[in-house]
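Single-structure report; data block below.
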Ligand SMILES: Cc1cc2nc3c(=O)[nH]c(=O)nc-3n(C[C@H](O)[C@H](O)[C@H](O)COP(=O)(O)OP(=O)(O)OC[C@H]3O[C@@H](n4cnc5c(N)ncnc54)[C@H](O)[C@@H]3O)c2cc1C
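Numbering (our numbering), first residue to last: 2 to 397.
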């Protein structure tokens, strides 16, 4: 395995560090203290666009196989940058404009016309633009095969009915890729994804959730009531060969995302450890062997999590299966991030408990890393199944 990155990517990492200190941390703290997502018209987003952020990886019409405006990097580099960004503020990373979570699914399964219609505006965005991926429902998010949002065909339209919750950037998104079922009795095989453009009658109202952490971006609940979309908005079109692609596409999004979430968690954990170390140094606590022992423990576990994460990324770069590693690094990193933040809270005592120290924010932010894109329990289920070769469809 080789995790070495070249000079260009090292420079990108350095740039992420500078940006993190000067832009990302301050805007993240502002959103956290105000307890509301960064507003759509915040100058921070205008600066993101001016820096060339918020664009798609898609190369554009007639340019298949060429590089898109957001240049490709190795997964290993992406993970290192994801870690660095989250060190400064993980919520801001998700708030940033761009085609976000659904992009990979659209690139993998979307028709040429769908890429043009939905990713086209992200080639050279005239304003900050977002996209959103909606799977989770009020009835539960872990069992993705059991979603209830229904889609029925009516002439040359699909009609969607259901409710989604905790969906990132939904109210500001140009489009939401909504996971729905054509027939609940058929389980995964009947799942499909639909592009729902903002403003479609029957979409909404939107309610921004109150969140304990990661407050810089909006997590939103909304309903779909007799919400009609053209048949061309079925991801991949109606002539897709594999009818299970709808479910597999959503799972692909999660599998690819897990090492990124793990990298984010390592970043949060590192920030918590740095805050603890700075406090211990300032208050002359490093002479206490118990404090040194805990610091060593956190640093070692964070290193393990980062290496697991990079291995999952390296396998992805080799186009080799990484499902166990992706779950393993997420389960490990989310746990150690929470431990590192909890240690900081213990060490800082009343200073942390007052609620205005960064360590307290990191403590709240870290918890979400164990929930998003599959909870710790679900990661352990996936690993245990894969390790003993237990078929997914067999009843436990
Ligand atoms: C900050 C944040 C952002 C999010 N962003 C998005 C988004 O953009 N799009 C989106 O679709 N969703 C999003 N989610 C939702 C997230 O994916 C779900 O919260 C997650 O999948 C868990 O679902 P749930 O909360 O409904 O918990 P449930 O599925 O109800 O589970 C409750 C508890 O039971 C445990 N559990 C469930 N099943 C099992 C089992 N079989 N064995 C053992 N334990 C089990 C779970 O681990 C959990 O602890 C977001 C969530 C958060 C907190």
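Even glycine gets a Cβ: it sits at the ideal position worked out from N, Cα and C. No experiment lies behind these values; they were computed from the predicted model shown.
| query | result |
| --- | --- |
| Let me know the secondary structure DSSP gives residue 196 once reduced to three states. | strand |
| Would you call the CB atoms of residue 210 and residue 167 closer than 8 Å? | yes |
| Mark residue 21 as exposed unless 16 or more other C-beta atoms lie within 10 angstroms of its C-beta, in which case mark it buried. | buried |
| Would you give the residue range spanned by the beta strand (DSSP E) that residue 206 belongs to? | 204 to 209 |
| Reducing DSSP to helix, strand and coil, say where residue 89 ends up. | helix |
| Report the three-state DSSP secondary structure of residue 378 (helix, strand or coil). | helix |
| Given the structure, does residue 389 come close to ligand 1, in the sense that its CB is under 7 Å from one of the ligand's heavy atoms? | no |
| Let me know the beta strand (DSSP E) ranges lying completely inside the segment 150 to 190, each 3 residues or longer, listed in chain order. | 151 to 155, 158 to 169 and 174 to 182 |
| Say yes only if the C-beta of residue 158 is nearer than 7 Å to one or more non-hydrogen atoms of ligand 1, and no if none qualify. | no |
| What residues come near ligand 1, if near means a beta carbon less than 7 Å from any of its heavy atoms? | 102, 133, 134, 135, 136, 137, 141, 142, 143, 144, 165, 167, 168, 169, 212, 215, 220, 369, 372, 373, 374, 375, 376, 377, 378, 379 and 382 |
| Quick one: what's got a C-beta closer than 7 Å to residue 130's C-beta in the same chain, skipping five residues either side? | 55, 98, 122, 123 and 175 |
| Comparing alpha-carbon positions, which option in 389, 9, 93 and 317 lies nearest residue 23? | 93 |
| Does the distance from the C-beta atom of residue 331 to that of residue 262 stay below 8 Å? | yes |
| Would you decide whether residue 279 is buried or exposed? Buried here means 16 or more other CB atoms lie within 10 Å of its CB. | exposed |
| Within 10 angstroms of its Cβ, does residue 157 collect 16 or more other Cβ (buried), or is it exposed? | exposed |
| Quick one: Cα of residue 301 to Cα of residue 57, how far? | 37 Å |
| How far does the beta strand (DSSP E) with residue 132 in it reach, from first residue to last? | 131 to 135 |
| Does the Cβ-Cβ distance between residue 86 and residue 28 come in under 8 Å? | no |
| Which value, in whole angstroms, describes the spacing of the CA atoms of residue 152 and residue 105? | 22 Å |
| Enumerated in chain order, which unbroken segments of the alpha helix (DSSP H) with a length of 4 residues or greater are wholly contained in the segment 32 to 78? | 44 to 51 |
| With distances taken between CB atoms, is the gap from residue 171 to residue 133 smaller than 8 Å? | yes |
| Taking the alpha-carbon of residue 340 as reference, which of 364, 112, 142 and 325 has the nearest alpha-carbon? | 364 |
| Write down the C-beta distance between residue 310 and residue 267 rounded to the nearest angstrom, noting that I regard them as a contact closer than 8 Å. | 6 Å |
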